């Protein structure tokens, strides 16, 4: 319990230090020409980027300072030095450090998507290997309905496929926040809400026998909440800083590490429902079945100071049969803005860029950027509430024992 209070204290100190350092380094980033331009604003003021690297650096320093406290507490509770717990702690820190490095490299070098998928996979190896050598279970519990329909056991050890699943979870978390981004306050806001939801889940853990795993998750997430809250303050509309890809990768890896070490990956998936939907919805463009521009941000209208959905156009004859089927079903379910235009006697199709931001703007029409951020973050909160309802109530209808 002492470690948790120390962690809270260090989180508060880290927040204060982050605030002071960001204030000091805003002009430094601009001077070094590390800045971006806000495409949803009329002015062209340079905004320092990626300031997320400062918050990530402070977070890592806080975690390094914190290491002796849980190790000492664990050693007092066990007869020998807790090598296994220490290794799990260090493996998560290693993965987070590599994610910060990847994010900063992406901000500076503008990495290709294949690198964004490869590097998190490699970064996850230490965490997954330590999970394996520590003897952690690769067993899944099947819902009672499945066992009624099929003659299978309640628990199945899926072996290597469980590690493949966790590796995919890490890669997804690392990129999910980066995909659902582009307006002031959205990246830091959604990460803060997800992390806060996980912290609440850990504090109200269901089974006291798993308290150590939930405590370990809290050790990583409380400092993250502290430093991210400061970053959100500076990134809120109108943004004084951009968080950059560094923050997105750092946030994703921190959340993924917490859920793997805390043994609640299915619960984490519930908290990530908006990100999962946005990823699936974006897949046709991410796979280049539909033309995908460099930026899929909503378009800015300087006359009304509002943003509206952005679109992409292409020749109808250039579409593959699979793409036509996908767009047909998206249109049927009201998830697509579609318009046919004529250019030089050739039929062109105009659709909205396939992101959750543009989908909301399709339904609402043009709105102020800050309002859109508030809607998306409120949506994140509502899905967190839904996740708690599913986890604490619906799960009992599907499983005899819920851990």
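Numbering (the numbering used here), first residue to last: 5 to 407. Just so you know, even glycine gets a beta-carbon here, dropped at the ideal spot from N, CA and C. Keep in mind that this is a model prediction, so the values were computed, not measured.
Exercise for review: Could you check which residue in 310, 179, 343 and 365 has the C-alpha nearest to that of residue 279?
Suggested key: For the purposes of this step, residue 279 is taken as residue 275 along the chain shown, with counting starting at 1. Residue 179 is the option with its Cα nearest to residue 279.
Review point. Quick one: is residue 117 buried, meaning 16 or more other Cβ sit within 10 Å of its Cβ, or exposed?
Key: To locate residue 117, count along the chain shown from 1; it is residue 113. Counting Cβ neighbours within 10 Å, residue 117 comes out exposed, since fewer than 16 surround it.
Point to revise | Other residues of its chain near residue 183: CB distance less than 7 Å, five sequence neighbours each side excluded | key: One-based indexing of the chain shown puts residue 183 at position 179. Correct list, in chain order: 282, 283 and 286.
Check your understanding: Mapping DSSP to helix, strand and coil, what is residue 217?
Key -> As a working mapping, residue 217 is identified with position 213 in the chain shown. Helix.
Check your understanding: Taking the runs of the alpha helix (DSSP H) that are 4 residues or longer, which of them lie wholly in the segment 96 to 149?
Key -> Complete alpha helix (DSSP H) runs here, min 4: 117 to 127 and 129 to 137.
Point to revise | Nonlocal neighbours in the same chain, by C-beta distance under 6 Å from residue 62, ignoring five residues either side | key: As a first step, residue 62 is located in the chain shown; it is residue number 58 there, counting from the start. Excluding residues within five positions, the ones whose Cβ falls inside 6 Å are 18, 21, 22 and 231.
Check your understanding: For residue 50, which three-state DSSP category applies?
Key -> Locating residue 50 in the chain shown gives position 46, counting from the first residue. Here residue 50 sits in strand by DSSP.
**Study point:** Same chain, Cβ closer than 7 Å to residue 88, neighbours up to 5 away in sequence not counted
**Key:** To locate residue 88, count along the chain shown from 1; it is residue 84. These residues qualify, in order along the chain: 138.
Check your understanding: Can you round the beta-carbon distance between residue 199 and residue 276 to whole angstroms, since I take them to be within the 8 Å contact cut?
Key -> Counting from one through the chain shown, the residue named residue 199 turns up at place 195. Counting from one through the chain shown, the residue named residue 276 turns up at place 272. The Cβ separation is near 12 Å, so there is no contact.
Practice item. Could you tell me which uninterrupted alpha helix (DSSP H) segments, each at least 4 residues in length, are contained entirely in the segment 154 to 190, listed from first to last along the chain? Key: 164 to 183
Check your understanding: Under a three-way DSSP split, which group does residue 395 fall into?
Key -> On the chain shown, residue 395 is found 391 positions in, with the first residue counted as 1. Of the three classes helix, strand and coil, the one that applies to residue 395 here is helix, per DSSP.
Check your understanding: Looking at residue 334 and the ligand MG, is the gap between the Cβ and the nearest heavy atom below 6 Å?
Key -> Although the ligand MG was asked about, the structure shown includes no ligands whatsoever.
Point to revise | Span separating the alpha-carbon of residue 67 from that of residue 190 | key: Working through the chain shown from its first residue, we reach residue 67 at position 63. Working through the chain shown from its first residue, we reach residue 190 at position 186. Each residue's Cα considered, the two are about 25 Å apart.
Review point. Are residue 31 and residue 39 touching if we call contact CB-CB under 7 Å?
Key: Position 27 of the chain shown holds residue 31. Position 35 of the chain shown holds residue 39. Not a contact, by the Cβ cut-off of 7 Å.
Check your understanding: In or out: residue 127 buried (at least 16 other Cβ within 10 Å) or exposed?
Key -> The count along the chain shown starts at 1 and reaches residue 127 at position 123. Residue 127 is buried by the Cβ-count criterion.
Exercise for review: Tell me, please, which residues DSSP counts as bridged to residue 354.
Suggested key: For the purposes of this step, residue 354 is taken as residue 350 along the chain shown, with counting starting at 1. Its beta-bridge partners are 317 and 343.
Check your understanding: Would you report the Cα separation of residue 254 and residue 393, rounded to the nearest angstrom?
Key -> Numbered from its first residue, the chain shown carries residue 254 at position 250. Numbered from its first residue, the chain shown carries residue 393 at position 389. Approximately 28 Å, taken between the alpha carbons.
**Study point:** Where residue 5 sits in the DSSP three-state scheme
**Key:** Locating residue 5 in the chain shown gives position 1, counting from the first residue. Assigned with DSSP and collapsed to three states, residue 5 falls in coil, not helix or strand.
Practice item. Tell me, to the nearest whole angstrom, how far the beta carbon of residue 274 is from that of residue 157; I am working on the premise that it is less than 8 Å. Key: For the purposes of this step, residue 274 is taken as residue 270 along the chain shown, with counting starting at 1. For the purposes of this step, residue 157 is taken as residue 153 along the chain shown, with counting starting at 1. About 25 Å; that fails the 8 Å criterion.
Point to revise | Selected residue, minimal CA-CA separation from residue 262, among 82, 79, 14 and 92 | key: Here residue 262 refers to the residue found at position 258 when the chain shown is read from its first residue. It is 92.
Exercise for review: State buried or exposed for residue 143, treating a residue as buried only when at least 16 other CB atoms are found within 10 Å of its CB.
Suggested key: Translated into the one-based positions of the chain shown, residue 143 becomes position 139. So residue 143 ends up on the exposed side.
Point to revise | Per-residue DSSP class, three states only, for residue 349 | key: The sequence position of residue 349 within the chain shown is 345, counting from 1. Coil at residue 349, not helix or strand.
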